[in-house]
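Okay, structure first, notes after.
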Amino acid sequence: MTNPWRDLKGLPKEMWFITGAVLINRTGTMVLPFLMLYLTKAMNLSAQKASLALIAHGIGGLITAPIAGRVADLLGAGRVMKMSLICSGIALFFFPFISNFYLIVAMVFIWSVISEAFRPACMAIISELVPVEQLKPAFALNRLAINLGMSIGPALGGFLASFSFGLIFIIDGVTSLLAGIILFFFLNLAGKTVYISSKKASNDDNIVGEHNLTPTKNKSFVYFLLALIPTVLVFFQLESTAPLFLVRDLKMSEAIFGLLFSVNTVIIVFLEIPLNSITNNWPYNRSLALGCLLTGLGFGAMIFVNDAISAAFSVVIWTFGEMILFPASSAYVAEVSP
Numbered sequence: 012m013t014n015p016w017r018d019l020k021g022l023p024k025e026m027w028f029i030t031g032a033v034l035i036n037r038t039g040t041m042v043l044p045f046l047m048l049y050l051t052k053a054m055n056l057s058a059q060k061a062s063l064a065l066i067a068h069g070i071g072g073l074i075t076a077p078i079a080g081r082v083a084d085l086l087g088a089g090r091v092m093k094m095s096l097i098c099s100g101i102a103l104f105f106f107p108f109i110s111n112f113y114l115i116v117a118m119v120f121i122w123s124v125i126s127e128a129f130r131p132a133c134m135a136i137i138s139e140l141v142p143v144e145q146l147k148p149a150f151a152l153n154r155l156a157i158n159l160g161m162s163i164g165p166a167l168g169g170f171l172a173s174f175s176f177g178l179i180f181i182i183d184g185v186t187s188l189l190a191g192i193i194l195f196f197f198l199n200l201a202g203k204t205v206y207i208s209s210k211k212a213s214n215d216d217n218i219v220g221e222h223n224l225t226p227t228k229n230k231s232f233v234y235f236l237l238a239l240i241p242t243v244l245v246f247f248q249l250e251s252t253a254p255l256f257l258v259r260d261l262k263m264s265e266a267i268f269g270l271l272f273s274v275n276t277v278i279i280v281f282l283e284i285p286l287n288s289i290t291n292n293w294p295y296n297r298s299l300a301l302g303c304l305l306t307g308l309g310f311g312a313m314i315f316v317n318d319a320i321s322a323a324f325s326v327v328i329w330t331f332g333e334m335i336l337f338p339a340s341s342a343y344v345a346e347v348s349p
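When we follow this note's numbering, the leftmost residue of the sequence shown carries the number 12, and every step to the right adds one.
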């Protein structure tokens, strides 16, 4: 049997520094998974009001995504990543001192704008550092770091939240700062080979044609977005309605909810790299379709959930969808990006 980790050989050392920073940052990720519970339980807000804060977070992310890409082109993706981590870490320290609802919503929006700048910059820098034939393994490694950290962060966050929600903001902020400091001292891109231009030049005429199109004129990319939007809407119920359903309606503890996150992330830690080694040569339409299907089935199965065990079964289903869908999505976007 071939070694599924062999595709990680030859990745540049900068990729491993990025992976380490992502791992540290995600190990402290506690605020977003527990934000809905913090607002409804600690701040005594209604679900309707709390949802406005999540909407503000989503709007912040929507605004940031295209802007962060342009800023990364101007300043460099590495600088954007460092600034995002350090500034978002500082912003998190202010949350425990805010009690006014409108200030909370405003702060969530500001934090989202700052923190969500990290993702497009990280994708851009991976695309620049890694040859096209290693993009899928590189993105899978990035997700491995994310999920290894997330196997710890929410589980620890659930335990801390049972004592004090304020602690999750402090820990999350500290790990963001630490990750930013690591990139500041160790991520040096001067003189590094940039693979995007050579990748585009070496692809066939159809792919090169797609690269020269703006996103709205690239039909295959538009179809990809239209198919992905409903799937992502379902997937991110994990941060909105799922905690209310499991903790408020089914009376699970915050600790159990955090452990359900860990079921998802532990599976990813052990299986995503081997799974992506198997699917690495699949056409994108097969990977994306199967990933969307399993994600929908897993979240749809939550209608039958009545305890932690049945919830864990639904998590397993959509986790396999996630492991197939998101690395393939990232690689596809990197491959057709102008």
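Backbone N, C-alpha and C fix where the C-beta goes; we use that ideal spot for every residue, glycine too. All of these numbers come straight from a predicted model, not from anything done at the bench.
Enumerate in chain order the residues of its own chain whose CB-to-CB distance from residue i is below 8 Å, with the five nearest sequence positions on each side excluded.
i	result
tyrosine 352	The question about residue 352 has no answer here: the residues shown for the chain are numbered 12 through 349.
glycine 220	Confidence in glycine 220 is poor, its pLDDT being 47 and thus under 50, which makes the residue's placement too unreliable to answer from.
glycine 173	Here residue 173 turns out to be serine, not glycine, going by the sequence shown. Excluding positions up to five away in sequence, the list reads Ser264, Glu265 and Ala266.
leucine 171	Met41, Leu178, Ile179 and Ile182
leucine 63	Val116
What are the boundary residues of the alpha helix (DSSP H) that residue i is part of?
i	result
phenylalanine 232	230-246
glycine 184	177-197
glutamine 59	58-86
isoleucine 157	146-161
asparagine 287	265-290
phenylalanine 112	112-126
phenylalanine 170	164-172
Taking the alpha-carbon positions, what's the residue i to residue j distance?
i	j	result
glycine 39	proline 165	8 Å
alanine 151	leucine 198	20 Å
proline 23	glutamate 139	11 Å
glycine 80	lysine 93	14 Å
asparagine 229	leucine 236	11 Å
alanine 102	leucine 188	10 Å
arginine 37	asparagine 292	29 Å
glycine 31	leucine 194	9 Å
valine 119	isoleucine 278	30 Å
glycine 177	asparagine 55	15 Å
methionine 26	leucine 167	27 Å
glutamate 250	leucine 244	11 Å
serine 288	isoleucine 335	11 Å
serine 57	serine 341	36 Å
alanine 212	isoleucine 78	In this prediction, alanine 212 scores a pLDDT of 40, lower than 50, which makes its location untrustworthy; the coordinate-derived value is nonetheless stated afterwards. Looking at the two C-alpha atoms, the distance is approximately 26 Å.
glutamate 333	isoleucine 240	14 Å
alanine 117	glutamate 283	36 Å
phenylalanine 268	alanine 300	29 Å
leucine 50	arginine 130	25 Å
proline 338	leucine 43	22 Å
phenylalanine 272	leucine 46	14 Å
serine 110	proline 294	50 Å
lysine 210	arginine 297	In this prediction, lysine 210 scores a pLDDT of 44, lower than 50, which makes its location untrustworthy; no coordinate-derived value is stated.
serine 208	alanine 149	Caution applies to serine 208, whose pLDDT of 40 falls short of 50 and renders its modelled position unreliable; the model cannot decide the point.
For residue i, I'd like the list of residues in its chain whose CB is within less than 6 Å of its CB, leaving aside the five on either flank, ordered along the chain.
i	result
phenylalanine 28	Phe197 and Leu198
glutamate 127	Gly72 and Thr75
methionine 313	Ser325
asparagine 329	A quick correction: the sequence has tryptophan, not asparagine, at residue 329. Closer than 6 Å at Cβ, skipping near neighbours: Thr306, Gly309 and Phe310.
glycine 69	none
phenylalanine 256	none
glycine 302	Gly332, Ile335 and Leu336
Using a Cβ-Cβ cutoff of less than 7 Å, which residues in the same chain neighbour residue i once the five nearest sequence positions on both sides are dropped?
i	result
glycine 191	Lys93, Leu96, Ile97 and Gly100
leucine 34	Ala156, Leu159 and Gly160
alanine 53	Phe176
Quick one, which of the options has its alpha-carbon nearest residue i's?
i	options	result
proline 285	Phe45, His68, Ile78 and Phe331	Phe331
isoleucine 163	Ser340, Ala323, Arg297 and Met41	Met41
alanine 322	Val258, Ala300 and Thr290	Val258
aspartate 318	Ser298, Phe129, Asp260 and Phe272	Asp260
glycine 87	Tyr343, Ile136, Leu19 and Gly309	Ile136
isoleucine 320	Tyr343, Pro294, Leu301 and Val274	Val274
valine 327	Val344, Val280, Asp84 and Pro294	Val280
glycine 21	Ala238, Leu146, Pro107 and Ser110	Leu146
cysteine 133	Thr290, Ala61 and Ala83	Ala83
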